[in-house]
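Undergrad: One line per chain: the protein sequences are A and B, in this order. Each residue of the first sequence is one higher than the one before, counting from 412 in the working numbering. Each residue of the second sequence is one higher than the one before, counting from -16 in the working numbering. Even glycine gets a Cβ: it sits at the ideal position worked out from N, Cα and C. None of these values were measured; they are calculated from a predicted model.
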Amino acid sequence: MANTFILIASSTVGAGGAASIDFTSIPSTYTDLVILYSGRSTSNAGQTWAPIRATFNGSSSTWSNRAIYGDGSSASSGNSSSLSEFGQASSSLSTSSTFSNGSIYIPNYAGSTNKSSSTDAVSENNGTSALASLTADLWSTTSAITSISLQIPSAYGLFAQYSTAYLYGVKNA
Amino acid sequence: MPNPTRIEINCETGIETVIELTDAEVAELAYQAELAAEKKAEEDAAAAALEEKKLAVLEKLGLTSDEVAALLS
């Protein structure tokens, strides 16, 4: 890991869960941002993983994404012209106490161009159904990113206790 | 019943706060869930359509899926 990879903030979800993990007042002094997360949802929508959405600066508009998936039985791809997608958490249908892990890379977050990002994530489950995904997101807004919210859609409950998120700044990447 | 909470971490101060969601934020999460459900339905429909296409090709060839699997094994 480069010596310019600096932990800005982190959080661990407490008892009772959390609908989102929000990093605010992100300093503009880095080149790129990286978020590493470990996630589990308290509920499910009939599948062993739960999508993780994000908003930048509180915005859930001007998002689009492209993704490829492997779910234990087939490979597929998908896209959206309206949603963000930042990997997935293991859902409550996954083996108890299992968590997904994901890595989000956001280059040039403080610049004045549209904001792209990539996410590499995999859910964990002691079974045949789990999801690995690679996602490219685009937030078609030129504002510098000053806050990031990671969210579990309500159909999947909340981030379960012990889910974690770490925000790093990368200088001179 | 109280609304769910969110965790806010101020990166300047390092202070972490647990905040109850407003009704508007709860509504936004519900909307996001609807969009996610729609997307999943679209993906499921696309997968089903692909499976139908495969079956149609097999039918044209006069083969069952088991026979194709045997050929490819």
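Pairing CB atoms from the region -9 to 8 of chain B with CB atoms from the region 487 to 507 of chain A, are three or more of them under 8 Å?
TA: Cβ pair count under 8 Å is below three, so no.
Undergrad: Would you mind working out which of A:506, A:523, A:502, A:571 sits nearest residue 553 of chain A, comparing C-alpha positions?
TA: By one-based count along the first sequence, residue 553 of chain A stands at place 142. Residue A:523 is the option with its Cα nearest to residue 553 of chain A.
Undergrad: Between residue 433 of chain A and chain B, is any beta-carbon pair separated by less than 8 Å?
TA: Residue numbering aside, residue 433 of chain A sits at position 22 when the first sequence is read from its first letter. Yes, contact with chain B.
Undergrad: Kindly say whether residue 498 of chain A, judged by its beta-carbon, lies nearer than 8 Å to any beta-carbon of chain B.
TA: By one-based count along the first sequence, residue 498 of chain A stands at place 87. No, no contact with chain B.
Undergrad: Given a cut-off of 8 Å, decide if residue 503 of chain A and residue 587 of chain A are closer than it, judged by their beta-carbon atoms.
TA: This structure does not reach residue 587 of chain A, given that chain A is present from 412 up to 584, and the question cannot be answered.
Undergrad: At a Cβ threshold of 8 Å, is residue 427 of chain A touching chain B?
TA: As a first step, residue 427 of chain A is located in the first sequence; it is residue number 16 there, counting from the start. Chain B, which has a Cβ nearer than 8 Å to the Cβ of residue 427 of chain A, makes this yes.
Undergrad: Taking any Cβ of chain B, which residues in the region 507 to 523 of chain A have a Cβ under 7 Å from it, in chain order?
TA: Cβ contacts with chain B: none found.
Undergrad: How many whole angstroms separate the CB atoms of residue 494 of chain A and residue 22 of chain B, which I take to be in contact at a CB cut-off of 8 Å?
TA: For the purposes of this step, residue 494 of chain A is identified with residue 83 of the first sequence, where counting begins at 1. For the purposes of this step, residue 22 of chain B is identified with residue 39 of the second sequence, where counting begins at 1. The pair is a contact, with the Cβ atoms about 7 Å apart (cut-off 8 Å).
Undergrad: For residue 520 of chain A, which of A:441, A:424, A:577 has the nearest alpha-carbon?
TA: Residue numbering aside, residue 520 of chain A sits at position 109 when the first sequence is read from its first letter. The residue with the shortest Cα to Cα distance from residue 520 of chain A is A:441.
Undergrad: Just how far apart, CA to CA, sit residue 445 of chain A and residue 558 of chain A?
TA: What you label residue 445 of chain A is simply residue 34 of the first sequence in a count that begins at 1. What you label residue 558 of chain A is simply residue 147 of the first sequence in a count that begins at 1. So the alpha carbons of these two residues sit roughly 13 Å apart.
Undergrad: With 16 as the cutoff for other CB atoms within 10 Å, does residue 546 of chain A come out buried or exposed?
TA: As a first step, residue 546 of chain A must be located in the first sequence, where it is residue number 135. Under this definition residue 546 of chain A is a buried residue.
Undergrad: Decide if the region -7 to 10 of chain B is in contact with the region 428 to 439 of chain A; the criterion is three or more beta carbon pairs, one per stretch, under 8 Å apart.
TA: Counting Cβ pairs under 8 Å, three or more are found: they touch.
Undergrad: Less than 8 Å between CB atoms is the rule here; does residue 16 of chain B satisfy it with respect to chain A?
TA: Taking the first residue of the second sequence as 1, we reach residue 16 of chain B at position 33. Residue 16 of chain B counts as touching chain A.
Undergrad: I need the straight-line Cα distance from residue 1 of chain B to residue 49 of chain B, nearest angstrom please.
TA: As a position in the second sequence, residue 1 of chain B is number 18, starting the count at 1. As a position in the second sequence, residue 49 of chain B is number 66, starting the count at 1. Using only the alpha carbons, I get a separation of about 56 Å.
Undergrad: With DSSP as the reference, label residue 595 of chain A as helix, strand or coil.
TA: With chain A covering only 412 through 584, there is no way to say anything about residue 595 of chain A.
Undergrad: Let me check understanding here. Comparing Cα to Cα, which of A:579, A:484, A:580, A:463 lies closest to residue 12 of chain B?
TA: Here residue 12 of chain B refers to the residue found at position 29 when the second sequence is read from its first residue. Out of A:579, A:484, A:580, A:463, A:463 has the C-alpha closest to the C-alpha of residue 12 of chain B.
Undergrad: Could you check whether residue 572 of chain A and residue 424 of chain A sit closer than 8 Å to each other, using their CB atoms as the reference points?
TA: Position 13 of the first sequence, counted from the start, is the residue given in the question as residue 424 of chain A. Position 161 of the first sequence, counted from the start, is the residue given in the question as residue 572 of chain A. The answer is yes: Cβ separation under 8 Å.
Undergrad: Are residue 460 of chain A and residue 501 of chain A touching if we call contact CB-CB under 8 Å?
TA: Locating residue 460 of chain A in the first sequence gives position 49, where the first residue counts as 1. Locating residue 501 of chain A in the first sequence gives position 90, where the first residue counts as 1. Yes, Cβ-Cβ distance for residue 460 of chain A and residue 501 of chain A is below 8 Å.
Undergrad: Just to confirm, are residue 534 of chain A and residue 574 of chain A a CB contact at a threshold of 8 Å?
TA: As a working mapping, residue 534 of chain A is identified with position 123 in the first sequence. As a working mapping, residue 574 of chain A is identified with position 163 in the first sequence. Cβ atoms of residue 534 of chain A and residue 574 of chain A: not closer than 8 Å.
Undergrad: Can you tell me whether DSSP reads residue 470 of chain A as helix, strand or coil?
TA: Here the question's residue 470 of chain A lines up with position 59 in the first sequence. Strand, per DSSP.
Undergrad: Which same chain residues end up closer than 6 Å to residue 451 of chain A when comparing Cβ atoms and leaving out the 5 residues on each side of it in sequence?
TA: Here residue 451 of chain A refers to the residue found at position 40 when the first sequence is read from its first residue. Once the five neighbours on either side are set aside, the close Cβ partners of residue 451 of chain A are 500, 501, 510, 571, 574.
Undergrad: How would you list, in chain order, the residues of chain A whose beta-carbon sits under 8 Å from the beta-carbon of residue 26 of chain B?
TA: Position 43 of the second sequence, counting from 1, holds the residue named residue 26 of chain B. Under the 8 Å cutoff, chain A gives 487, 489.
Undergrad: Which value, in whole angstroms, describes the spacing of the CA atoms of residue 515 of chain A and residue 19 of chain B?
TA: Here residue 515 of chain A refers to the residue found at position 104 of the first sequence. Here residue 19 of chain B refers to the residue found at position 36 of the second sequence. Each residue's alpha carbon lies about 20 Å from the other.
Undergrad: With distances taken between CB atoms, is the gap from residue 473 of chain A to residue 551 of chain A smaller than 8 Å?
TA: In the first sequence, the residue the question calls residue 473 of chain A occupies position 62. In the first sequence, the residue the question calls residue 551 of chain A occupies position 140. Result yes, Cβ atoms of residue 473 of chain A and residue 551 of chain A sit closer than 8 Å.
Undergrad: With distances taken between CB atoms, is the gap from residue 7 of chain B to residue 564 of chain A smaller than 8 Å?
TA: The residue given as residue 7 of chain B occupies position 24 in the second sequence. The residue given as residue 564 of chain A occupies position 153 in the first sequence. In this structure, residue 564 of chain A does not lie closer than 8 Å to residue 7 of chain B by Cβ.
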